[in-house]
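Engineer: Counting from 1 along the sequence shown, just add 3 to a position and that's the residue number in my numbering. Yeah, the Cβ is synthetic: ideal placement off N, Cα and C, and Gly gets one too. These numbers come from a predicted model, not from an experiment.
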Amino acid sequence: SMKNINEALECVNKIDEKYSQSGTIKQFTIDMIEHFIEELNSFILGESDLTGETLLGSLSYDASTALEICDDELSDFYVIQELYDAIND
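#1: Kindly indicate which residue of Val82, Gly55, Ser45 and Glu56 has the alpha-carbon position closest to the one of Ser67.
#2: Would you identify the three-state DSSP class for Lys29, choosing helix, strand or coil?
#3: Taking contact to mean at least 3 C-beta pairs separated by less than 8 Å, is the stretch 68-82 in contact with the stretch 46-53?
#4: Classify Leu58 as helix, strand or coil using the three-state DSSP reduction.
#5: Considering only residues of the same chain and omitting the five flanking positions on each side of Ile36, which have a CB-CB separation below 8 Å?
#6: Can you give the beta carbon distance from Ala11 to Leu59, rounded, assuming they're within the 8 Å contact cut?
#7: Look at the Cβ atom of Ile47, then the Cβ atom of Asn9, and state whether they are nearer than 8 Å.
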């Protein structure tokens, strides 16, 4: 599952580069991207108590919960969808 974590982090970093400075997403979404990066990084650095599978499951849950409450007319919805896909693909 290690490769998946690295791949997931690479995808999330791309999302961060694409949107965080764009001014098109809300602080909530920026914070969520940062949270994903921190969690994945701490796993890679061996600082996490979770298994890779548990970590990905937890982040996936965070993204899907946010999607349920986010208005799909906001660009945030599609950014969070990308976050979800980064973790689940």
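Structural biologist: With the structure as the only source:
#1: For Ser67, the nearest C-alpha among the options comes from Val82.
#2: Reduced to three states, the DSSP call for Lys29 is coil.
#3: In this structure the stretch 68-82 does not lie against the stretch 46-53, because fewer than three pairs of beta carbons, one per stretch, are closer than 8 Å.
#4: In the structure shown, Leu58 sits in a helix (DSSP, three-state: H, G or I).
#5: Answer for Ile36: Val15, Ile18, Asp19, Tyr22, Ser23, Val82 and Leu86, listed in chain order.
#6: 7 Å
#7: yes
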